[in-house]
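Please read the structure below before turning to the comments.
Right under this line is the structure:
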C-alpha cells in the first residue's frame, strides 16, 4: 500500500493525513485537506484499506479521526467524490452520513455530475456537515 502514498501528502497535509498500521505495515490510510478557497470546507482526497482489513471498521475509524482533525481546524463541511460504478464507495459514504449532491443525470439510482473530471468522467459528489458544536 505504501507505493500508493506519495510523500507530499505527509509533508504538506500532515495534520489531516492518517495511516493505520498492523504488524509494522500500512493497512489503511485517509488523506484529506482543508480547502484554501473555502476554509470552512475540507476535501477527502484519497482513502484506502488493504483487502484483508476491510469490513472491520478500519475505514470508519480513519474517517472519524480525520473528521476530528478537521473540526479542530474549524471545518464545518467535508466533501469527496467517487466514480458512479464504485457501488461499495457510494454505500460506505452513505453509511458514514454523507449526502449526495444533485447531478446532471442518474446512474443506477444515484445522481452523477457529468464531466466532473473531464469528458466522459462523471462523478458522484458527496458532502457531510460536521458537528462543530456551533451553528
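Residue numbers (the numbering used here): 6 to 140.
Positions of the beta carbon are idealized from the N, C-alpha and C atoms, including for glycine.
6 Å CB neighbourhood of residue i in its chain, flanking five on each side removed
i: residue 63; result: 25, 33, 54
i: residue 47; result: 37, 39, 75, 80, 83
i: residue 98; result: 131
i: residue 52; result: 35
i: residue 108; result: 116, 117, 118
i: residue 15; result: 22
Other residues of its chain near residue i: CB distance less than 8 Å, five sequence neighbours each side excluded
i: residue 102; result: 133
Cβ-Cβ separation, residue j to residue i (assumed contact under 8 Å), whole Å
i: residue 104; j: residue 72; result: Rounded, the Cβ-Cβ distance is 15 Å, inconsistent with contact.
i: residue 106; j: residue 116; result: 7 Å
i: residue 58; j: residue 27; result: 7 Å
Neighbourhood of residue i by C-beta, 7 Å cutoff - its chain only, sequence neighbours within 5 removed
i: residue 139; result: Model confidence at residue 139 stands at a pLDDT of 46, short of 50, so the residue's coordinates are unreliable and nothing is read from them.
Of the residues the options, the one placed nearest residue i, counting alpha carbons only
i: residue 21; options: 28, 99, 31, 50; result: 50
i: residue 129; options: 88, 98, 96; result: 88
i: residue 41; options: 78, 122, 23, 30; result: 78
i: residue 85; options: 19, 29, 31, 122; result: 122
Would the segment 102-116 count as touching the segment 57-69 if we require 3 or more Cβ pairs under 8 Å?
By the Cβ rule, the segment 102-116 does not count as touching the segment 57-69, because fewer than three pairs are nearer than 8 Å.
Taking the runs of the beta strand (DSSP E) that are 3 residues or longer, which of them lie wholly in the segment 14-39?
Given a length threshold of 3 residues, each whole run of the beta strand (DSSP E) inside the segment 14-39 is given here in chain order: 22-27, 30-39.
key: Segments assigned alpha helix (DSSP H), at least 4 residues, entirely inside the segment 63-120   = If we require 4 residues or more, the alpha helix (DSSP H) runs fully inside the segment 63-120 come out as 63-77, 92-100.
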